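Comments concern the structure below.
2 protein chains.
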Amino acid sequence: MPDIAVVSLSGGLDSCVAAAIAKAEGYDLALLHADYGQLTEKRERRAFQEIAEFFAVPEKRRLCIPFTNLNLIGGSALTDPSIALPEGDLAREGVPVSYVPFRNAHLLATAVSWAEVIGAKRIYVGFVEEDSSGYPDCREIFLKAFEQAANLGTRPETRLEMVAPLIHMKKSEIVAKGLSLGAPLHLTWSCYQGEEKACGRCDSCLLRLRGFKEAGSPDPIPYSQIPDEFRI
Amino acid sequence: MPDIAVVSLSGGLDSCVAAAIAKAEGYDLALLHADYGQLTEKRERRAFQEIAEFFAVPEKRRLCIPFTNLNLIGGSALTDPSIALPEGDLAREGVPVSYVPFRNAHLLATAVSWAEVIGAKRIYVGFVEEDSSGYPDCREIFLKAFEQAANLGTRPETRLEMVAPLIHMKKSEIVAKGLSLGAPLHLTWSCYQGEEKACGRCDSCLLRLRGFKEAGSPDPIPYSQIPDEFRI
Chain L
1 MPDIAVVSLS GGLDSCVAAA IAKAEGYDLA LLHADYGQLT EKRERRAFQE IAEFFAVPEK
61 RRLCIPFTNL NLIGGSALTD PSIALPEGDL AREGVPVSYV PFRNAHLLAT AVSWAEVIGA
121 KRIYVGFVEE DSSGYPDCRE IFLKAFEQAA NLGTRPETRL EMVAPLIHMK KSEIVAKGLS
181 LGAPLHLTWS CYQGEEKACG RCDSCLLRLR GFKEAGSPDP IPYSQIPDEF RI
Chain Y
1001 MPDIAVVSLS GGLDSCVAAA IAKAEGYDLA LLHADYGQLT EKRERRAFQE IAEFFAVPEK
1061 RRLCIPFTNL NLIGGSALTD PSIALPEGDL AREGVPVSYV PFRNAHLLAT AVSWAEVIGA
1121 KRIYVGFVEE DSSGYPDCRE IFLKAFEQAA NLGTRPETRL EMVAPLIHMK KSEIVAKGLS
1181 LGAPLHLTWS CYQGEEKACG RCDSCLLRLR GFKEAGSPDP IPYSQIPDEF RI
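Residue numbers (the numbering used here), protein chains in the order written: chain L, 1 to 232; chain Y, 1001 to 1232.
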């Protein structure tokens, strides 16, 4: 029996590639999806389920969790409709308004609790530090600190390794890695605004489009518009 | 304006004394209560609200959070009715079946998210290590590791201090501290089984009764029965 790995799978590009890597490294997948009241949750949930189908993950190894707490707490453009999402400026500095306060700690805590109950050995996340949006809770230094907290705060026999295989990759390298592993990139969803078609304007769309452009491969999902600089 | 402290307030004895200490140290209280599907949540919630009233904490500084994730994940006698709660044996070794996998990380993560949004400087918890039930996520070493993760995983300007004023106290010292501060111990609830009267048999009741006994003061809450050795 292969060991189990919990993979935090938002439905986006990065976590899908992280899942493909966990699979390629020989783990049975247990897929965790967080609903923290983000505006495009319905579309992300669909992506999660379709990717789970693609990897033939059984129902009992799929967990969709409502993080009502983050929704109640607010403080982010992703969870509070009164905070506007900015469009299209990847050069901004500092922590963006789409940062959901300490969100990834909630995600990791849930992954740890589930891993402890089902006996998983690893937790894979699609965190990206280098070419990312500047979220403090996507950094390797945070992940390693959380890994230490996880191993101190669980049963003595529970030993968990947190794996972020994309952490130092550029988006184009992630796209290339996904393509090389046959990851179902066509099923992923990254847009913070659209549900039928990706908007092609939000930070998340621009990062993704730039990644595909630099990887020399067209993005297989539909867009309302694609800025000229990112067309292939 | 005093600084704000988020206090994790279960409604039990320890967290009530932690809240009294935060208040005595000059902080404005923001009270956080977790509903993780524990069997006596309804009674605990009442205790939370009554303690919040006692401390005159305004509604907007009270947060009751449903932790649906822990309930879905199970793995504990507190969240899964099919796992029996043992009665009355404080001498058992190891992690007890009432341990909710990594629960306190969820609690702390929520406290951190809320603290970041409302600008709180400290997070007070009623963790007790010495005289406690053997939960790995109640230990100081875990709390300190989590504090580090919290400061790495939030905005650069967010600096949070995690304070566990009871961590090295015996239960009798906690009772004495609470009495000396005028904490509303009569409003607290610790029993894992009963809702009208505390059972006087579960671990939590026995720890509490022993604490009051050793502090030389009667426990002000009603019990279905009190073992002879703990009568005053």
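Beta carbons: idealized from backbone N, C-alpha and C, even for Gly. No experiment lies behind these values; they were computed from the predicted model shown.
With DSSP as the reference, please indicate the residues paired to residue i in a beta bridge.
{"i": "residue 162 of chain L", "result": "L:123"}
{"i": "residue 1008 of chain Y", "result": "Y:1032"}
{"i": "residue 223 of chain L", "result": "L:198"}
{"i": "residue 64 of chain L", "result": "L:33"}
Between the alpha carbons of residue i and residue j, how many angstroms are there, rounded?
{"i": "residue 169 of chain L", "j": "residue 1165 of chain Y", "result": "43 Å"}
{"i": "residue 26 of chain L", "j": "residue 1013 of chain Y", "result": "47 Å"}
{"i": "residue 38 of chain L", "j": "residue 1231 of chain Y", "result": "53 Å"}
{"i": "residue 1174 of chain Y", "j": "residue 1127 of chain Y", "result": "11 Å"}
{"i": "residue 203 of chain L", "j": "residue 212 of chain L", "result": "14 Å"}
{"i": "residue 192 of chain L", "j": "residue 1077 of chain Y", "result": "39 Å"}
{"i": "residue 1229 of chain Y", "j": "residue 1178 of chain Y", "result": "23 Å"}
{"i": "residue 1054 of chain Y", "j": "residue 137 of chain L", "result": "36 Å"}
{"i": "residue 28 of chain L", "j": "residue 60 of chain L", "result": "12 Å"}
{"i": "residue 7 of chain L", "j": "residue 1072 of chain Y", "result": "17 Å"}
{"i": "residue 1206 of chain Y", "j": "residue 1217 of chain Y", "result": "15 Å"}
{"i": "residue 1081 of chain Y", "j": "residue 1043 of chain Y", "result": "17 Å"}
{"i": "residue 1002 of chain Y", "j": "residue 2 of chain L", "result": "54 Å"}
{"i": "residue 1114 of chain Y", "j": "residue 119 of chain L", "result": "31 Å"}
{"i": "residue 49 of chain L", "j": "residue 9 of chain L", "result": "10 Å"}
{"i": "residue 99 of chain L", "j": "residue 70 of chain L", "result": "11 Å"}
{"i": "residue 1176 of chain Y", "j": "residue 1190 of chain Y", "result": "17 Å"}
{"i": "residue 1147 of chain Y", "j": "residue 1167 of chain Y", "result": "15 Å"}
{"i": "residue 97 of chain L", "j": "residue 157 of chain L", "result": "40 Å"}
{"i": "residue 58 of chain L", "j": "residue 1058 of chain Y", "result": "46 Å"}
My assumption, with CB atoms under 8 Å, is that residue i sits in contact with residue j. Please give the rounded CB distance.
{"i": "residue 1022 of chain Y", "j": "residue 1005 of chain Y", "result": "5 Å"}
{"i": "residue 51 of chain L", "j": "residue 84 of chain L", "result": "Actually they do not touch by this definition, with Cβ atoms about 30 Å apart."}
{"i": "residue 74 of chain L", "j": "residue 188 of chain L", "result": "Incorrect: roughly 27 Å between the Cβ atoms, too far for contact."}
{"i": "residue 40 of chain L", "j": "residue 195 of chain L", "result": "6 Å"}
{"i": "residue 142 of chain L", "j": "residue 1149 of chain Y", "result": "6 Å"}
{"i": "residue 1223 of chain Y", "j": "residue 1198 of chain Y", "result": "5 Å"}
{"i": "residue 1024 of chain Y", "j": "residue 1181 of chain Y", "result": "6 Å"}
{"i": "residue 1064 of chain Y", "j": "residue 1045 of chain Y", "result": "7 Å"}
{"i": "residue 1214 of chain Y", "j": "residue 1172 of chain Y", "result": "3 Å"}
{"i": "residue 109 of chain L", "j": "residue 1109 of chain Y", "result": "5 Å"}
Residue i and residue j: beta carbons closer than 8 Å?
{"i": "residue 1095 of chain Y", "j": "residue 1135 of chain Y", "result": "yes"}
{"i": "residue 1152 of chain Y", "j": "residue 139 of chain L", "result": "yes"}
{"i": "residue 1062 of chain Y", "j": "residue 1107 of chain Y", "result": "no"}
{"i": "residue 219 of chain L", "j": "residue 210 of chain L", "result": "no"}
{"i": "residue 68 of chain L", "j": "residue 1066 of chain Y", "result": "yes"}
{"i": "residue 1111 of chain Y", "j": "residue 112 of chain L", "result": "no"}
{"i": "residue 1036 of chain Y", "j": "residue 1079 of chain Y", "result": "yes"}
{"i": "residue 159 of chain L", "j": "residue 116 of chain L", "result": "no"}
{"i": "residue 122 of chain L", "j": "residue 161 of chain L", "result": "yes"}
{"i": "residue 1226 of chain Y", "j": "residue 1186 of chain Y", "result": "no"}
The ligand SAM heavy atoms versus the CB of residue i: any closer than 7 Å?
{"i": "residue 1094 of chain Y", "result": "In terms of ligand content, the structure shown is empty, and the ligand SAM therefore cannot be addressed."}
4-residue-minimum alpha helix (DSSP H) runs that sit fully inside the stretch 92–123 of chain L, ordered along the chain = 103–118
Listed from N- to C-terminal order along the chain, which residues in the stretch 1114–1144 of chain Y have their beta-carbon within a distance smaller than 8 Å of any beta-carbon of chain A?
-> The chain labelled as chain A is not found among the protein chains of the depicted structure, namely L and Y.
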